[in-house]
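Note sheet for the following structure.
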Amino acid sequence: MLGTRIKQLRKEKQLSQLDLARHLNISNTTLSQYESGKRIPGDEIKIKIAKFFNVSIDYLLGCTDVRSYHTGMEQIHKNEPRTYDRLDKSGLSEEDIKKVEEYIDLLKQKYKSDMSLDK
Numbered sequence: 001m002l003g004t005r006i007k008q009l010r011k012e013k014q015l016s017q018l019d020l021a022r023h024l025n026i027s028n029t030t031l032s033q034y035e036s037g038k039r040i041p042g043d044e045i046k047i048k049i050a051k052f053f054n055v056s057i058d059y060l061l062g063c064t065d066v067r068s069y070h071t072g073m074e075q076i077h078k079n080e081p082r083t084y085d086r087l088d089k090s091g092l093s094e095e096d097i098k099k100v101e102e103y104i105d106l107l108k109q110k111y112k113s114d115m116s117l118d119k
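Residue numbering for the sequence shown follows our numbering, beginning at 1 and increasing consecutively.
What follows is the structure, encoded as C-alpha cells:
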C-alpha cells in the first residue's frame, strides 16, 4: 500500500520519479523500489514524504483514507451541527450524549496536540 500511495501522490503533483527522488535526497532507483514495493523506506524518509505531500503517516501506510488529521477535523467541524442533530434524535440518554460530546472534545484536543507537534 505504501508504494502505491507514494506513486499516486507523486502523479497527482505531476512529478517525475527523478523530481521526487531529488527532493527526498535519494536515488531514482531507490524511489522506484519504494513505489514497486521491493523496498520499504525508513521512518525518516516516510516522514519526509508525508510532510512533502501534506499527508499523515497513517494515510501513507494505508491505515486510513483521510489524507491528514487536518482534513479529518475539517470534516468533523463541517458536520458538527448535523452530528448534534443526529444525537438529539438518536434516542440516547442525556448521559450518553454527554459522553459522545466529551469524546468529540478529546478528539479536538488530540488534533490540536498533533498539529502543534508538526510545527
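Ideal placement from N, C-alpha and C gives every residue a C-beta, glycine not left out.
(request) Tell me whether Leu18 is buried or exposed, calling it buried when 16 or more other Cβ atoms sit within 10 Å of its Cβ. (result) exposed
(message) Quick check: Val55 and Arg67, are their CB atoms within less than 7 Å of each other?
(response) yes
(message) Tell me the rounded alpha-carbon separation between Leu110 and Glu12.
(response) Note that residue 110 corresponds to Lys in the displayed sequence, not to Leu. Cα to Cα, the separation comes out at about 29 Å.
(request) Return helix, strand or coil for Ile49, following the three-state DSSP convention. (result) helix
(request) Just mark Ile6 as buried or exposed, buried being the case when its beta carbon has 16 or more other beta carbons within 10 Å. (result) buried
(message) On the DSSP letters alone, give me the boundaries of the alpha helix (DSSP H) that Gly3 sits inside.
(response) 2-12
(message) Could you give the first and the last residue of the continuous alpha helix (DSSP H) run that contains Asn25?
(response) No alpha helix (DSSP H) holds Asn25; DSSP gives it neither H nor E.
(request) Can you tell me which of Arg10, Gln14, Gly91 puts its alpha carbon nearest to the alpha carbon of Ile49? (result) Arg10
(message) Are there any heavy atoms of the ligand PLP lying less than 6 Å away from the beta-carbon of Tyr34, as far as the coordinates show?
(response) Annotation note on the ligand PLP: not contained in the displayed structure, which lists no ligands.
(request) Would you please state the rounded distance, in angstroms, between the beta carbons of Gly3 and Ser36? I believe it to be under 8 Å. (result) 6 Å
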